[in-house]
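Residue numbering for the sequence shown follows our numbering, beginning at 189 and increasing consecutively. Every residue gets a Cβ at the ideal spot worked out from N, C-alpha and C, and that includes glycine. All figures in this text were calculated on a predicted structure; none of them were measured in a lab.
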Amino acid sequence: MNAEEFIGFARQWNPDITPGMEERFRKLEPLYNDWNSKINVISRKDIGSLYMRHVLHSLAIAEYLRRERPDVYEEFREGRRSPSGKTERISVLDLGTGGGFPGIPLAILFPHTDFTLCDSVGKKIIVAGEVASVLGLENVTTVNARAESLGRTFDHVVSRAVTALDNFYPWVAGKYTGSILYLKGGDFAEELCRMMSEGKFCPGSVKTWKISDWIDDVMFDEKYVIDIPAAGKARAAKH
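See the structure below:
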């Protein structure tokens with residue numbers, strides 16, 4: 189899938205995509221090709237499949253929300269209504285962003301949501317920051333840090349298979365009020381069970397969604413979006 193094939197698919201998939209978004213998506217391939225020649229942030233075997241393996245994979249989070257959690261999808265698109273009636277921007281942490289996935293594609297699609305892209309590897313976060321800057325993504329902030337050092341709370345957390353779920357969850361427990369939206373593949377049943385046990389999640393509170401329900405391609409076989417609620421919501425699901 190090249191840039192124009194991706195744009196054609198995107199137009200059919202999401203009527204909210206604007207010409208400005210399309211232009212930013214088009215720029216991703218030359219930007220990452222250039223940076224990857226200097227700093228290897230994307231596997232050499234994957235860089236030629238940027239739109240399928242990285243951009244569409246990242247946007248599976250958006251499609252999951254659109255299909256399964258339309259209220260949250262609208263908050264990503266337009267913001268959240270405060271008790272006073274004002275619209276407030278929501279905040280999303282992309283932890284272990286590497287060169288900017290899934291955060292950069294999501295930030296293009298959701299310009300009214302603020303994304304903090306965080307990675308402990310300095311050279312990777314440099315790439316993410318430079319890509320966001322060239323694209324003019326004013327809703328992106330980059331941070332070179334470990335999750336434990338972040339001194340604030342976010343509405344949601346997104347990430348792409350940074351580590352096992354039972355390792356990842358303690359890094360962000362208490363740092364988000366909505367959901368972790370985690371991209372994960374393969375057999376993760378054991379680590380999911382450990383995470384739910386250690387985090388005291390109620391049965392049924394964590395949701396999984398097959399990306400192949402959206403894109404029928406072998407690349408997405410056994411790949412999922414995992415929706416992990418914040419602790420209070422996880423307990424509330426019991427009632």
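- Looking only at Ser321, Val260, Arg382, Val413, the smallest Cα-Cα distance to Thr396 is reached by Val413.
- Residue burial annotation: Ala377 is exposed, with fewer than 16 other C-beta atoms found within 10 angstroms of its C-beta.
- With a cutoff of 8 Å on beta-carbon distance, Ala250 and Leu297 are scored as near each other.
- One Cα belongs to Ile416, the other to Ser321, and the distance between them is close to 31 Å.
- Considered as a whole, the segment 336-392 harbours 353-360, 377-386 as its complete alpha helix (DSSP H) runs of no fewer than 4 residues, in chain order.
- Look at Pro293 here: in three-state DSSP terms it is helix.
- Annotated as proximal: Gly373 and Ala349, with beta-carbon spacing under 8 Å.
- For Val328, the enclosing beta strand (DSSP E) covers residues 328-332.
- Contact between Leu323 and Lys215 holds: their C-beta atoms lie close to 6 Å from each other, under 8 Å.
- With contact defined as three or more Cβ pairs closer than 8 Å, the segment 238-247 and the segment 290-305 are in contact.
- Distance between Arg340 and Lys363, taken at the CA atoms: about 7 Å.
- By the beta-carbon neighbour count (other beta carbons within 10 angstroms, threshold 16), Val406 is exposed.
- Around Ser270, the same chain offers Glu276 as residues with beta carbons nearer than 6 Å, after the five sequence neighbours per side are excluded.
- Around the beta-carbon of Thr285, 16 or more other beta-carbon atoms lie within 10 Å, marking it buried.
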